Amino acid sequence: GDFAIETETLVVGAGPGGYVAAIRAAQLGQKVTIVEKGNLGGVCLNVGCIPSKALISAGHRYEMAIHSEDMGIKAENVTVDFTKVQEWKASVVKKLTGGVEGLLKGNKVEIVRGEAYFVDANTVRVMTETSAQTYKFKNAIIATGSRPIELPAFKFSKRILDSTGALNLPEIPKSLVVIGGGYIGTELGTAYANFGTKVTILEGADEILSGFEKQMSAVVKRRLKKKGVEVFTNALAKGVEEREDGVTVTFEVQGETKTVDAQYVLVTVGRRPNTDELGLEQIGVKMTERGLIEIDKQCRTSVPNIYAIGDIVPGPPLAHKASYEGKIAAEAISGHPSEMDYLAIPAVVFSDPECASVGYFEKQAKEEGIEVTTAKFPFAANGRALALNDAEGFMKLVVRKDDGVIIGAQIVGPNASDMIAELGLAIEAGMTAEDIAMTIHAHPTLGEIAMEAAEVVLGSPIHII
Ligand code: FAD
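Heads up: take any position in the sequence shown, counting from 1, add 3, and you land on the UniProt record's numbering.
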C-alpha cells in the first residue's frame with residue numbers, strides 16, 4: 004500500500020544480531036518490526052555456524068569410526084550416505100530457524116519479508132518482487148551481515164565455490180582445493196578430509212589460522228597432515244581453469260609456480276559487509292573505508308536513532324558478538340546504560356583439535372605495555388584427555404603480573420570450544436589465577452586443565468614438574 008506503517012524499533016536483518024536485538028527490544032516493551040529478505044537466522048543458522056558444525060561433527064564421527072584401531076576397535080564396511088548427511092544437516096537448520104520464528108512471534112515481534120532500503124532517518128522502504136511498503140520508525144537497528152569476497156580470478160561457479168556452495172555439495176568430493184586457511188577454510192577442509200576427500204589448503208600468510216598463536220596452529224597443522232591434507236603457506240593463488248568435471252588451480256609458492264587438480268575449489272578469503280545497498284550514505288551514516296559502519300559503545304551510528312550491530316561493524320565477525328551487540332543496542336534504545344566491552348569475546352575454530360581464545364594473547368598484552376605471566380598445561384597430562392584418546396594440545400593462561408588477574412586464555416585441544424567459557428567468565432568477573440586454582444574441578448575432566456594451568460601460574464602444579 005502507499006500508506007506508511009508505524010513502528011517503534013525497526014530491525015533490518017534477522018541473523019544472530021538482528022533477531023536477538025528484536026527479542027530483547029520486545030522484552031523491554033518496545034513495539035518491534037523485523038525485516039528479513041532471506042531466511043530467518045541469517046548466515047549463522049542457514050549457511051554458517053550451524054550447518055558447518057553439523058558437517059564437521061558428521062565427518063568427525065565417520066573418521067572416528069574408521070580410525071579407532073589403537074583403541075582396539077576395528078570397523079568394517081563403514082559407509083557414508085552423503086544425501087542423508089545433508090538431509091540431517093538441513094533438519095538441524097530447520098529446527099533452529101523454526102525456533103527463531105517461534106521466539107519472534109512469541110515476543111510479539113512483527114516479521115516482515117522483503118529488502119529494506121533507508122529513505123531517511125525515520126523511514127525505510129521494504130521491497131518484495133511484487134510489492135513495496137513504507138515503514139516509519141523511531142529507532143532502527145541495522146544487522147545486515149556480510150557476504151563472501153569474490154576474487155576476480157576466481158568467479159564463483161559450479162566448481163568454484165564459496166562457503167555456502169561447499170556446505171551444500173551433493174556428494175563427497177574426491178578432491179578439494181581450499182584457498183584461504185582462515186577458520187572457515189580450515190573447518191570445511193577438515194570436515195571433507197574426515198570424509199575422505201583429498202584436500203589441499205593454500206594460505207597466503209605464513210601460517211594457517213593466523214589469528215591464533217603459531218604453537219596453536221602448529222598442532223592443527225600436524226593433525227591436518229595426518230589426515231593427508233596438504234597445506235601450502237605463503238602460497239599465492241593465481242588463477243583457475245575450470246572444466247566440466249573439475250578445476251586446475253595455479254599458485255605460486257617460494258617463487259615457484261605450481262598447479263593442483265581437484266573436483267572443486269573453495270574460496271574463503273574473507274567477507275564483505277552488506278552496507279552498500281541500504282541507502283546509508285544518503286542519510287549520513289558514517290562508514291570506514293572498508294564499508295564497516297562506525298558506532299559508539301552503545302552501537303549507535305553517527306545518526307543518533309540508528310544503531311548497527313554484527314558483521315557490519317568493526318570487531319570480530321562472529322555470531323556471539325553480533326548477538327551481544329544486539330542486546331546492547333536494544334537496551335540503549337530503552338535508555339539503559341549498557342555498553343560494549345570487547346575484551347572477553349571468545350573466538351573459536353572447530354578444527355581438529357579445536358582452537359579457542361578469549362581476552363589477551365601474550366604478544367598483544369606486551370604490545371600494550373601490560374606486564375604478564377603466562378602458564379601452559381598440556382592435555383597429555385590430563386587423565387580424561389588420555390582416556391578420550393585425544394591428548395594433543397595445551398591451555399595457556401595470560402595473567403597480569405601485579406595482581407594475578409587473568410586477562411587472556413588460549414586453548415588448542417579437544418573441547419576447547421566449551422572449555423574457553425570458564426576463562427571468559429574469569430576474565431569478565433576479574434578473577435585471579437588463584438580463584439581458578441581454588442575451584443574444585445571434577446575428576447577426571449578436561450576442565451581440570453584450567454585448574455592445573457592456574458596452579459602453574461602459582462608455581463605449584465600437581466601433575467607436571
Ligand atoms: P547475518 O547472519 O549475515 O544476517 C544478516 C541478515 O540480514 C541476512 O539474513 C540477510 O538476508 C539480511 N539482510 C541483508 N540485507 C538486507 C536488507 N536490505 N533487507 C532485509 N534483510 C537484509 N560465527 C561464529 O561465531 N561461530 C561459528 O562457528 C561460525 N561459523 C561460520 C561458518 C561459515 C561457513 C560462515 C560463512 C560464517 C560463520 N560464522 C561463525 C560467522 C557468523 O555466521 C556471522 O558472524 C554472523 O552470522 C553475523 O551475524 P549478523 O546478524 O551480523 O548477520
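From the three backbone atoms N, C-alpha and C, an ideal C-beta is built for every residue, glycine too. Source: prediction; values computed, not measured.
Could you work out which residue in the options is closest to residue i when comparing CA atoms only?
i	options	result
LYS229	GLY411, GLY18 and ASP355	ASP355
GLY184	VAL234, TYR138, ARG225 and LEU154	VAL234
LEU13	ASP421, ILE69, ALA61 and GLY329	GLY329
VAL459	GLY450, ALA440, ASP406 and HIS444	ALA440
ILE145	ALA194, SER55 and SER305	SER305
LYS224	VAL202, VAL243 and GLY242	VAL202
GLU206	LEU239, VAL415, LEU227 and PHE159	LEU239
GLY75	ASN392, ALA156 and ALA221	ASN392
LEU400	GLU431, GLU370 and GLU455	GLU455
ALA28	LEU154, ALA143 and LYS300	ALA143
VAL352	LEU154, LEU107, ASP123 and ILE423	ILE423
GLY362	VAL15, LEU426 and ALA135	LEU426
LYS98	ILE182, ASN42, GLU284 and ALA24	ASN42
HIS444	GLY433, ALA432, MET434 and ALA457	ALA457
ASP406	GLY433, LEU179, ILE182 and ASN385	GLY433
LYS158	GLY372, GLY313, LEU179 and GLU245	GLU245
ARG293	LYS111, VAL38 and ASP279	ASP279
GLY127	ILE182, LYS108, GLY450 and VAL38	For clarity, residue 127 is Val in the given sequence; the question names Gly instead. Comparing Cα positions, the closest option is VAL38.
THR133	ASP123, ARG116 and ALA124	ARG116
List the endpoints of the continuous beta strand (DSSP E) containing residue i.
i	result
SER220	Unbroken run through SER220 is the alpha helix (DSSP H), 217-229; no beta strand (DSSP E).
VAL127	126-130
TYR310	309-311
MET343	Here MET343 belongs to no beta strand (DSSP E), and DSSP marks it neither H nor E.
ASN142	142-145
THR167	No beta strand (DSSP E) contains THR167, which is instead part of the alpha helix (DSSP H) from 166-170.
ARG303	Taken as a continuous stretch (DSSP letters only), ARG303 belongs to no beta strand (DSSP E), as it is neither H nor E.
GLU113	113-116
MET398	397-403
ILE467	Neither: ILE467 is in no beta strand (DSSP E) and is coded neither H nor E.
Within the same chain, show all residues whose beta-carbon is closer than 6 Å to that of residue i, passing over the 5 residues directly before and after it, in chain order.
i	result
ALA394	PHE382, ALA383 and ALA388
ALA169	LEU191 and LEU269
THR193	SER354 and ASP355
GLU11	GLN33, LYS34 and LYS141
GLU113	THR36
For the alpha helix (DSSP H) containing residue i, name the first residue and the last one.
i	result
ALA28	21-30
SER326	322-336
ASP421	419-431
GLU90	85-109
TYR65	52-69
GLY386	386-390
ILE187	186-197
VAL202	Looking at the DSSP string, VAL202 is not in any alpha helix (DSSP H); the run it does join, the beta strand (DSSP E), is 201-205.
ALA436	436-440
For the ligand SAM, is there any heavy atom lying closer than 8 Å to the beta carbon of residue i?
i	result
ARG27	Absent from the structure shown: the ligand SAM. Ligands present: the ligand FAD.
Return the Cβ separation of residue i and residue j in integer angstroms, given the expectation that the two are a contact with Cβ distance under 8 Å.
i	j	result
PHE121	GLY287	With 8 Å as the limit, PHE121 and GLY287 do not qualify as a contact, their Cβ atoms being about 10 Å apart.
ASN49	THR100	7 Å
THR260	THR251	No, THR260 and THR251 are not in contact; Cβ-Cβ is about 12 Å, not under 8 Å.
TYR138	ILE8	5 Å
GLU255	THR236	Actually they are not in contact, since the Cβ atoms of GLU255 and THR236 sit about 12 Å apart, beyond 8 Å.
GLY44	ALA325	Not quite, the Cβ-Cβ distance comes to about 12 Å (not below 8 Å), so this is no contact.
ASN277	ILE309	Going by Cβ atoms, the distance from ASN277 to ILE309 rounds to 15 Å, so no, they are not a contact pair.
ALA68	VAL81	5 Å
ALA156	VAL243	7 Å
GLU357	ALA419	4 Å
ILE430	ILE452	Between ILE452 and ILE430 the Cβ distance is about 17 Å, and since that is not below 8 Å, they are no contact.
ALA57	VAL15	Between VAL15 and ALA57 the Cβ distance is about 28 Å, and since that is not below 8 Å, they are no contact.
Who are the Cβ neighbours of residue i in its own chain at under 7 Å, not counting the five residues just before and after it?
i	result
GLU66	ASN197
GLU216	PHE364 and GLN413
GLN176	Per the sequence shown, the amino acid found at residue 176 is Pro instead of Gln. Answer for PRO176: TYR195, THR200, GLN266 and TYR267, listed in chain order.
THR448	ARG387
TYR345	GLY318
THR442	MET454
LEU461	ALA436, GLU437 and ALA440
ILE152	VAL272, GLY273, ARG274 and ARG275
LYS404	GLU374, VAL375 and THR376
GLY249	ARG162, ASP264, ALA265 and GLN266
HIS466	ALA384 and GLU455
Can you list, in chain order, the residues of its chain with a C-beta nearer than 8 Å to that of residue i? Leave out the 5 residues immediately preceding and following it.
i	result
LEU321	ILE348 and ALA350
residue 532	Absent from the structure is residue 532, since the part of the chain shown begins at 4 and ends at 468.
LEU106	TYR22 and ILE26
GLN257	ASN237
residue 469	The requested residue 469 is not part of the displayed model; the chain covers only 4 to 468.
ALA78	ALA68, ILE69 and SER71
GLY338	none
Taking 9 Å as the threshold (beta carbon to beta carbon), is residue i in contact with chain B?
i	result
ARG225	Annotation note: the requested chain B is absent from the structure, which comprises a single protein chain.
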